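According to full-length UniProt numbering, the sequence shown is numbered sequentially starting from 1.
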Amino acid sequence: MPLLSLALFLFHESGLDSPFIVPVAGCLMILGIVIAGVWSSNRANEMRSRERLECIARGVTPPPTAEELAIMHGKPTADRVRRRANIRLSGIVVLSAGVGLVAFFIALSAILQQREVLSGAAVGLVPLAIGLGFLIDTRLQSKEMSESNSSSSSSDVA
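Take a look at the structure:
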């Protein structure tokens with residue numbers, strides 16, 4: 001029993017009963033996940049480079065990386081194409097979320113018959129603008145990729 005009261009005393013006095021413990025723990029958890037992801041990616045890069053160095057040490061030609069293959073063939077890397085597709089998908093999702101928020105607040109204003117609720121529709125303009133920016137970026141990347149492909153094919157002809 002005295003051990004339990006001592007533990008309760010330490011818990012109470014240490015500040016762990018603060019209402020901010022949950023948000024702080026959540027932020028620390030997110031920080032831990034980010035650090036683990038960075039460490040994992042660095043570890044994977046280190047293992048790939050070690051494998052390539054071992055191939056070179058044995059006198060075996062290491063296989064080309066995806067970037068080297070793309071450079072040899074004059075095509076955009078799969079990473080650039082995948083990145084463009086991911087940006088387009090993100091743009092569509094965020095744009096749809098913005099439209100959904102605006103529609104929600106307009107419908108809520110109509111249901112409640114209160115005009116002040118329409119100010120919440122302005123919240124939807126932020127993701128709407130971000131989504132449009134993503135889609136514009138995708139369009140610009142597509143143009144750049146087509147221009148680089150056409151310039152590389154015209155240099156092949158000459």
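Note that CB positions come from ideal geometry on N, CA and C, so glycine has one too.
Here the structure is a predicted model, which is why all the values come from computation and not from measurement.
In terms of CA proximity to L89, R139 leads the group I56, R139, F104 and A122. Pairing L132 with G91 gives a Cβ-Cβ distance under 9 Å. In the DSSP assignment, V123 falls outside any alpha helix (DSSP H), carrying neither H nor E. For D79, same chain residues with a beta-carbon under 8 Å away, outside a window of 5 residues either side, are A66 and E67 in chain order. When the alpha-carbon of V123 is set against those of L112, I106 and R58, the nearest one is in I106.
Taking a 10 Å sphere around the C-beta of V22, we find fewer than 16 other C-beta atoms and assign the residue as exposed.
If the five residues before and after V102 are omitted, its C-beta is found closer than 8 Å to the C-beta atoms of A121, G124, L125 and L128, all from its own chain and listed in chain order.
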